[in-house]
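Peer 1: Line by line, the protein sequences give chains A and B.
When we follow this note's numbering, the leftmost residue of the first sequence carries the number 9, and every step to the right adds one.
When we follow this note's numbering, the leftmost residue of the second sequence carries the number 9, and every step to the right adds one.
For every residue, glycine included, the Cβ atom is placed at its ideal position computed from N, Cα and C.
Take a look at this one; I'll ask things after.
There are 2 protein chains.
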Amino acid sequence: MGKNKITRAEDYSAWYNNLVKDADLAEHAAVKGCMVIKPYGYAIWEAMQKELDQRFKDTGHENAYFPLFVPKSLFEAEEKNAEGFAKECAVVTHYRLKSDEDNPGKLMVDPKAKLEEELIVRPTSEAIIWNTYKNWIQSYRDLPILINQWANVVRWEMRTRLFLRTAEFLWQEGHTAHATKEEAIAETVQMLDVYADFAEKVMAVPVIKGIKTENERFAGAVDTYCIEGLMQDGKALQMGTSHFLGQNFAKAFDVKYVTKENKQEHVWATSWGVSTRLMGALIMVHSDDDGLVLPPKLAPIQVVIVPIYRSDEELELVTKKGDEIFNTLKAAGIRVKFDTRDTHKPGFKFAEYELKGVPLRITVGPRDLANNQIEIARRDNREKSLIDADINSDAINNTLDEIQKGLFDRAKDHQETHITSVDTWDDFKEALETKTGFISAHWDGSGETEQKIKEATKATIRCIPLDNKQEAGACVFSGNPSTQRVLFAKAY
Amino acid sequence: MGKNKITRAEDYSAWYNNLVKDADLAEHAAVKGCMVIKPYGYAIWEAMQKELDQRFKDTGHENAYFPLFVPKSLFEAEEKNAEGFAKECAVVTHYRLKSDEDNPGKLMVDPKAKLEEELIVRPTSEAIIWNTYKNWIQSYRDLPILINQWANVVRWEMRTRLFLRTAEFLWQEGHTAHATKEEAIAETVQMLDVYADFAEKVMAVPVIKGIKTENERFAGAVDTYCIEGLMQDGKALQMGTSHFLGQNFAKAFDVKYVTKENKQEHVWATSWGVSTRLMGALIMVHSDDDGLVLPPKLAPIQVVIVPIYRSDEELELVTKKGDEIFNTLKAAGIRVKFDTRDTHKPGFKFAEYELKGVPLRITVGPRDLANNQIEIARRDNREKSLIDADINSDAINNTLDEIQKGLFDRAKDHQETHITSVDTWDDFKEALETKTGFISAHWDGSGETEQKIKEATKATIRCIPLDNKQEAGACVFSGNPSTQRVLFAKAY
Numbered sequence: 009m010g011k012n013k014i015t016r017a018e019d020y021s022a023w024y025n026n027l028v029k030d031a032d033l034a035e036h037a038a039v040k041g042c043m044v045i046k047p048y049g050y051a052i053w054e055a056m057q058k059e060l061d062q063r064f065k066d067t068g069h070e071n072a073y074f075p076l077f078v079p080k081s082l083f084e085a086e087e088k089n090a091e092g093f094a095k096e097c098a099v100v101t102h103y104r105l106k107s108d109e110d111n112p113g114k115l116m117v118d119p120k121a122k123l124e125e126e127l128i129v130r131p132t133s134e135a136i137i138w139n140t141y142k143n144w145i146q147s148y149r150d151l152p153i154l155i156n157q158w159a160n161v162v163r164w165e166m167r168t169r170l171f172l173r174t175a176e177f178l179w180q181e182g183h184t185a186h187a188t189k190e191e192a193i194a195e196t197v198q199m200l201d202v203y204a205d206f207a208e209k210v211m212a213v214p215v216i217k218g219i220k221t222e223n224e225r226f227a228g229a230v231d232t233y234c235i236e237g238l239m240q241d242g243k244a245l246q247m248g249t250s251h252f253l254g255q256n257f258a259k260a261f262d263v264k265y266v267t268k269e270n271k272q273e274h275v276w277a278t279s280w281g282v283s284t285r286l287m288g289a290l291i292m293v294h295s296d297d298d299g300l301v302l303p304p305k306l307a308p309i310q311v312v313i314v315p316i317y318r319s320d321e322e323l324e325l326v327t328k329k330g331d332e333i334f335n336t337l338k339a340a341g342i343r344v345k346f347d348t349r350d351t352h353k354p355g356f357k358f359a360e361y362e363l364k365g366v367p368l369r370i371t372v373g374p375r376d377l378a379n380n381q382i383e384i385a386r387r388d389n390r391e392k393s394l395i396d397a398d399i400n401s402d403a404i405n406n407t408l409d410e411i412q413k414g415l416f417d418r419a420k421d422h423q424e425t426h427i428t429s430v431d432t433w434d435d436f437k438e439a440l441e442t443k444t445g446f447i448s449a450h451w452d453g454s455g456e457t458e459q460k461i462k463e464a465t466k467a468t469i470r471c472i473p474l475d476n477k478q479e480a481g482a483c484v485f486s487g488n489p490s491t492q493r494v495l496f497a498k499a500y
Numbered sequence: 009m010g011k012n013k014i015t016r017a018e019d020y021s022a023w024y025n026n027l028v029k030d031a032d033l034a035e036h037a038a039v040k041g042c043m044v045i046k047p048y049g050y051a052i053w054e055a056m057q058k059e060l061d062q063r064f065k066d067t068g069h070e071n072a073y074f075p076l077f078v079p080k081s082l083f084e085a086e087e088k089n090a091e092g093f094a095k096e097c098a099v100v101t102h103y104r105l106k107s108d109e110d111n112p113g114k115l116m117v118d119p120k121a122k123l124e125e126e127l128i129v130r131p132t133s134e135a136i137i138w139n140t141y142k143n144w145i146q147s148y149r150d151l152p153i154l155i156n157q158w159a160n161v162v163r164w165e166m167r168t169r170l171f172l173r174t175a176e177f178l179w180q181e182g183h184t185a186h187a188t189k190e191e192a193i194a195e196t197v198q199m200l201d202v203y204a205d206f207a208e209k210v211m212a213v214p215v216i217k218g219i220k221t222e223n224e225r226f227a228g229a230v231d232t233y234c235i236e237g238l239m240q241d242g243k244a245l246q247m248g249t250s251h252f253l254g255q256n257f258a259k260a261f262d263v264k265y266v267t268k269e270n271k272q273e274h275v276w277a278t279s280w281g282v283s284t285r286l287m288g289a290l291i292m293v294h295s296d297d298d299g300l301v302l303p304p305k306l307a308p309i310q311v312v313i314v315p316i317y318r319s320d321e322e323l324e325l326v327t328k329k330g331d332e333i334f335n336t337l338k339a340a341g342i343r344v345k346f347d348t349r350d351t352h353k354p355g356f357k358f359a360e361y362e363l364k365g366v367p368l369r370i371t372v373g374p375r376d377l378a379n380n381q382i383e384i385a386r387r388d389n390r391e392k393s394l395i396d397a398d399i400n401s402d403a404i405n406n407t408l409d410e411i412q413k414g415l416f417d418r419a420k421d422h423q424e425t426h427i428t429s430v431d432t433w434d435d436f437k438e439a440l441e442t443k444t445g446f447i448s449a450h451w452d453g454s455g456e457t458e459q460k461i462k463e464a465t466k467a468t469i470r471c472i473p474l475d476n477k478q479e480a481g482a483c484v485f486s487g488n489p490s491t492q493r494v495l496f497a498k499a500y
């Protein structure tokens, strides 16, 4: 980390900002609210993309690409969706610059090049896509349409944080069209499961699957399903959403199909997305005061080999062994780096790879080699051990699997021990003041109550968990009858 | 193809437009000048991306991501670059919409949300990237920087054609920074070679490597290297460019480094890019009047199995064999599809896969199976043959390799037989009227002559080939002395 190391306990927010910069993940761009994703950060995002993309294809989806710009008249067609995003839209109004005669060498917008209709830079692509699907769908034979897009989107945010909330971000957005309501709901749930599986198996981040309340629903959706993660500071982060859109967009864009029975029906829709925000979750769930901690499945470098030597003779010895280990692990498909730089000392390298979150470090030194041993050090729990220098790639792979599992178990334990069940308003407030994490409480189901609780405490309903058990109770705020508990938390 | 099939001979341009639509590659979007890349087209682009990305990484480059928007003040910093792109820039001027009180349900640009400084939607990213590199580069130890970005860019074009020229397109742009001029030139040439290798080995499209004249150079470059392909109609297509930028951007953005000798020097730069335009080249070089012809290395489906049957008994027989072939080829890593649809007849399927350019079709029918044989049909040369029904995946892979090579050889032959060498202006004009392809002619090296030739004939200098031999001659237009021939052509 930087010279003035700030710990999580001191200032979690500053710790996060420093870590993102110090570990070379991303930085603020010259454009307000936008970020530059640096090569090390982008490599992690690429690993996420690869895993997600495979899962989308395994569930029958294909990728396609739709335009960046949405004409205003299309954008406003689905009124709730338009209203939901209108306040944060970047708008293209002109298509040309010209020389500024009053300022030689400078340019100005050419007033003669004003667009007849303004173009919105997509904040999400339902409008442009459903306007396209209209031409693709005539009969039940054209359904389902199962398409995903990897793209950049823009939502003009005033308060931004690297990865968590930026004006431009990268994401994928799935947009599917179905003949029946049941099929569309099944798709919505399937993609939520894909996200949850990815979060838990690949990111090692446990999530709670649930449904959003009406207040928190995607603008234009009938139901928004979500996965919610819990960060180390006890705040929740919405990590992905899958929307059942009903026939809202089909009606707005007049998309009908002829059924097998030769009737005209509106099409049913879903959309679902995850974004570079996942990078924020990954960082905040696993990392510590010394830097990034990465699950092996997403680490650009899974194993780093650091040589220790004083003499030329020792250099020759450790280089030979280092090369051998490098080749063995590389042949086994492990992402391995042998750091042979002679410009940096081992101590510097140790700190650097800790900061970068490399899951496993192998140190090759003459003293251990004399006993035909090498040292392995785990980034997750800091355990060091000596192993046979004739390295076995299966053993290393097993250790990487253990690290992957260990990170998940630790995060899962944190999540489970940070859900507080309360039954009164006083207990609710006290839990918010003295504890962190989710609060499980009865709620009367009204948006008004939800809004009042938010205003009083800043806590929002993160979701109604899918696996909720039904139980009679009284709303923690209004005292009105309730049939189930919901999860509240302060959130990013 | 559609009902009103147009051949290449009748109208090459209409043939191309129809093919792009009929083969489900792309279509015009509701946004003027933009396109929707459909799943089948996008799958080919993804295959291109994968191959290119691997080559970039193999040559030491990393991916990163920079913002979509460029503040006007940064955009205009490198004056030639700014001037070159100013006339085709989409400009964001506002960041919010509001309800239009005069038109209930409609939105309007909120005049209160006008940006202090306009944002340009990137037509290319040199400006935003060099403004960032300024902060990344202090010393020679920070060099080289070898970064690539996969992104969308916008250049406002009035006359657009799917894939060849669209307002928004997808591309990759490499941006590298070096300590010395020699290193930067070596990088420029290396990436040109990467592009040429990709075009020839993967796309099966032969290219000519060369340098652009000053008139055709990238705005802001010292030298623009290019690969030029020749389409079946004899027009040239610029398929990729690699620019040596000298110190132009380093000076515009004040990017200096401290040398080993402790001196301050400006950094040397390159940039290089290929785009979805490559899709246009791929289509135009190989396809025929019956549809797309794809090289196996880029075909989303390399082999399709079509069953033929009349009775249930025959269905059972061909399904068993079809499954067996499918599993064998899939296990060998071949992208294979077994089309078991009972809603379409074999003849329909044959035409469909011809249209989609699937390189190899296997037909499994009871008559051939009685002799333990199946029929294979090559898309490239229409050859059919009977082979042993106990399929050998090596043999199929060999056939795919032959198709890949056959396509390249055919295109190479077309290219070589369409270069006409002329020495007089009359011969130059006659060649343009009676022949297609490149014209190799002496040129006096002046931009004025080049411009006059263009005005008189529409032919432009495509490039000065890198492997040119030096020979004394007289400019075909001006009669002034010349040291080498250059390649002219009408171009897309």
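#1: In chain order, what residues of the region 79 to 107 of chain A put their CB closer than 9 Å to some CB of chain B?
#2: Any contact of the region 308 to 321 of chain A with the region 371 to 386 of chain A, i.e. 3+ C-beta pairs under 8 Å?
#3: Got a sec: is the Cβ-Cβ distance from residue 113/A to anything in chain B below 8 Å?
#4: Curious, which full-length alpha helix (DSSP H) runs of at least 4 residues does the region 422 to 451 of chain B contain?
#5: Taking 8 Å as the CB-CB limit, is residue 338/B close to chain A?
#6: So with Cβ pairs under 8 Å, would you call residue 117/A a contact of chain B?
#7: Quick one: does residue 31/A have its CB under 8 Å from some CB of chain D?
#8: Quick check on residue 74/B - is its C-beta less than 8 Å from some C-beta in chain A?
#9: Roughly how many angstroms separate the alpha carbons of residue 380/A and residue 73/A, rounded to a whole number?
#10: Would the beta-carbon of residue 276/B fall within 8 Å of that of residue 255/B?
#11: What residues in the region 125 to 138 of chain A bring their beta carbon closer than 8 Å to a beta carbon of chain B?
#12: DSSP puts residue 454/B in a beta bridge; with which residues?
#13: Among the residues of its own chain, which have a CB less than 7 Å from the CB of residue 29/A, if the five just before and after it don't count?
#14: With a floor of 3 residues, list each beta strand (DSSP E) that falls wholly inside the region 348 to 378 of chain A, ordered by position along the chain.
#15: Counting beta carbon pairs with one atom in the region 49 to 69 of chain B and one in the region 113 to 126 of chain B, are three or more of them shorter than 8 Å?
#16: To be precise: take each residue of the region 24 to 50 of chain B, compare its Cβ to all Cβ atoms of chain A, and keep it if any distance is under 7 Å. Which residues remain?
#17: Are the beta-carbon atoms of residue 248/A and residue 282/A separated by less than 8 Å?
#18: Suppose you measure from the CA of residue 9/A to the CA of residue 493/B; what does that come to, to the nearest Å?
#19: Please state the DSSP three-state secondary structure of residue 79/B.
#20: Residue 285/B CB to nearest chain A CB: under 8 Å?
#21: Determine, using beta carbons only, whether residue 298/B and residue 363/B come nearer to each other than 8 Å.
#22: Nearest to residue 477/B by CA position, among 449/B, 382/B, 486/B and 498/B, is which residue?
#23: Could you tell me the alpha carbon to alpha carbon distance between residue 426/B and residue 415/B, rounded to whole angstroms?
#24: Given that a residue counts as buried once 16 or more other Cβ atoms are within 10 Å of its Cβ, and exposed if not, what is residue 456/A?
#25: Taking all protein chains shown into account, decide if residue 339/A is buried (16 or more other Cβ within 10 angstroms of its Cβ) or exposed.
#26: Quick one: what's got a C-beta closer than 8 Å to residue 22/A's C-beta in the same chain, skipping five residues either side?
#27: For residue 471/A, which beta-bridge partners are listed by DSSP?
#28: Run through DSSP, which three-state label would residue 183/B get?
#29: Leaving out the 5 sequence neighbours to the left and right, which residues in its chain are closer than 8 Å to residue 309/B when beta-carbon positions are compared?
#30: Return the residues of the region 155 to 189 of chain B that lie within a Cβ-Cβ distance of less than 8 Å from chain A, sorted by chain order.
#31: I'd like to know whether the C-beta atoms of residue 71/B and residue 158/B end up nearer to each other than 8 Å.
#32: Rounded to whole angstroms, how far is the Cβ of residue 531/B from the Cβ of residue 251/B, which I believe are closer than 8 Å?
#33: In chain A, which residues lie less than 7 Å from residue 334/B when you measure between Cβ atoms?
#34: Using a Cβ-Cβ cutoff of 9 Å, what residues of the region 231 to 265 of chain B are near chain A? List them in chain order.
#35: Around the Cβ of residue 480/A, are there at least 16 other Cβ atoms within 10 angstroms (buried) or fewer (exposed)?
#36: Taking 8 Å as the threshold (beta carbon to beta carbon), is residue 64/A in contact with chain B?
Peer 2: So, from the data block:
#1: Here the close residues are 79, 80, 81, 82, 83, 84, 87, 90, 91, 93, 94, 95, 96, 97, 98, 99, 100, 101, 102, 103, 104, 105, 106 and 107.
#2: In this structure the region 308 to 321 of chain A touches the region 371 to 386 of chain A; the number of beta carbon pairs closer than 8 Å is three or more.
#3: One-based indexing of the first sequence puts residue 113/A at position 105. Closer than 8 Å to some Cβ of chain B, the Cβ of residue 113/A qualifies, so yes.
#4: Unbroken alpha helix (DSSP H) runs of no fewer than 4 residues, entirely contained in the region 422 to 451 of chain B, are found at 433 to 442, following chain order.
#5: Within the second sequence, residue 338/B is the residue found at index 330, counting from 1. Not one chain A Cβ lies under 8 Å of residue 338/B.
#6: Translated into positions along the first sequence, residue 117/A becomes position 109. Interface residue, yes.
#7: Here chain D cannot be found, since the structure's protein chains are A and B.
#8: Within the second sequence, residue 74/B is the residue found at index 66, counting from 1. For residue 74/B, the answer is yes, since a Cβ of chain A falls inside 8 Å of its Cβ.
#9: Residue mapping note: residue 380/A aligns to position 372 of the first sequence, counting from 1. Residue mapping note: residue 73/A aligns to position 65 of the first sequence, counting from 1. When only Cα atoms are considered, residue 380/A and residue 73/A end up about 55 Å apart.
#10: What you label residue 276/B is simply residue 268 of the second sequence in a count that begins at 1. What you label residue 255/B is simply residue 247 of the second sequence in a count that begins at 1. The Cβ atoms of residue 276/B and residue 255/B lie closer than 8 Å to each other.
#11: Using a CB distance below 8 Å, the part of the region 125 to 138 of chain A facing chain B consists of 126, 127, 128, 129 and 136, ordered along the chain.
#12: Along the second sequence, one-based indexing puts residue 454/B at 446. Paired residues: none, contrary to the question.
#13: The residue given as residue 29/A occupies position 21 in the first sequence. Answer for residue 29/A: 35, listed in chain order.
#14: For the region 348 to 378 of chain A, whole beta strand (DSSP E) runs of length 3 or above, ordered along the chain, are 368 to 372.
#15: The region 113 to 126 of chain B, when compared against the region 49 to 69 of chain B, does not touch it at the 8 Å Cβ threshold.
#16: Answer set for the region 24 to 50 of chain B: 37, 38, 39, 42, 44, 45, 46, 47 and 50.
#17: Here residue 248/A is taken as the residue at index 240 of the first sequence, counted from 1. Here residue 282/A is taken as the residue at index 274 of the first sequence, counted from 1. In contact: residue 248/A and residue 282/A (Cβ atoms closer than 8 Å).
#18: Taking the first sequence and counting its residues from 1, the one referred to as residue 9/A is at position 1. Taking the second sequence and counting its residues from 1, the one referred to as residue 493/B is at position 485. Any reading at residue 9/A must be qualified, since the residue scores a pLDDT of 46, below 50, and its modelled position is unreliable; no value is offered.
#19: Looking up residue 79/B in the second sequence gives position 71. In this structure, residue 79/B counts as strand in the three-state DSSP scheme.
#20: Start at 1 with the first residue of the second sequence, and residue 285/B comes out as number 277. Answer no: the Cβ-Cβ gap between residue 285/B and chain A never drops below 8 Å.
#21: Taking the first residue of the second sequence as 1, we reach residue 298/B at position 290. Taking the first residue of the second sequence as 1, we reach residue 363/B at position 355. Yes; because the gap between Cβ atoms is below 8 Å, this pair is in contact.
#22: For this step, residue 477/B is matched to residue 469 along the second sequence. Comparing C-alpha distances from residue 477/B to each of 449/B, 382/B, 486/B and 498/B shows the shortest one belongs to 449/B.
#23: For the purposes of this step, residue 426/B is taken as residue 418 along the second sequence, with counting starting at 1. For the purposes of this step, residue 415/B is taken as residue 407 along the second sequence, with counting starting at 1. Residue 426/B and residue 415/B have their C-alpha atoms spaced approximately 17 Å apart.
#24: For the purposes of this step, residue 456/A is taken as the residue at position 448 of the first sequence. Under this definition residue 456/A is an exposed residue.
#25: As a working mapping, residue 339/A is identified with position 331 in the first sequence. By the neighbour-count rule (16 or more Cβ atoms within 10 Å), residue 339/A is not buried but exposed.
#26: Start at 1 with the first residue of the first sequence, and residue 22/A comes out as number 14. Contacts found: 14.
#27: As a position in the first sequence, residue 471/A is number 463, starting the count at 1. DSSP lists 495/A as partners of residue 471/A.
#28: The sequence position of residue 183/B within the second sequence is 175, counting from 1. Of the three classes helix, strand and coil, the one that applies to residue 183/B here is strand, per DSSP.
#29: Against the second sequence, residue 309/B aligns to sequence position 301. Around residue 309/B: 343, 344, 345, 361, 364 and 366.
#30: Correct list: 155, 159, 160, 162, 164, 176 and 178.
#31: The residue you call residue 71/B lines up with position 63 of the second sequence. The residue you call residue 158/B lines up with position 150 of the second sequence. Cβ atoms of residue 71/B and residue 158/B: closer than 8 Å.
#32: The displayed coordinates of chain B run from 9 to 500. Any statement about residue 531/B would go beyond what the structure contains.
#33: Locating residue 334/B in the second sequence gives position 326, counting from the first residue. The contacting residues do not exist; residue 334/B stays about 17 Å from chain A at best.
#34: From the region 231 to 265 of chain B, no residue has a Cβ closer than 9 Å to chain A.
#35: Along the first sequence, read from residue 1 onward, the residue named residue 480/A stands at position 472. Exposed, by the Cβ-count rule.
#36: Locating residue 64/A in the first sequence gives position 56, where the first residue counts as 1. So no, residue 64/A is outside the interface.
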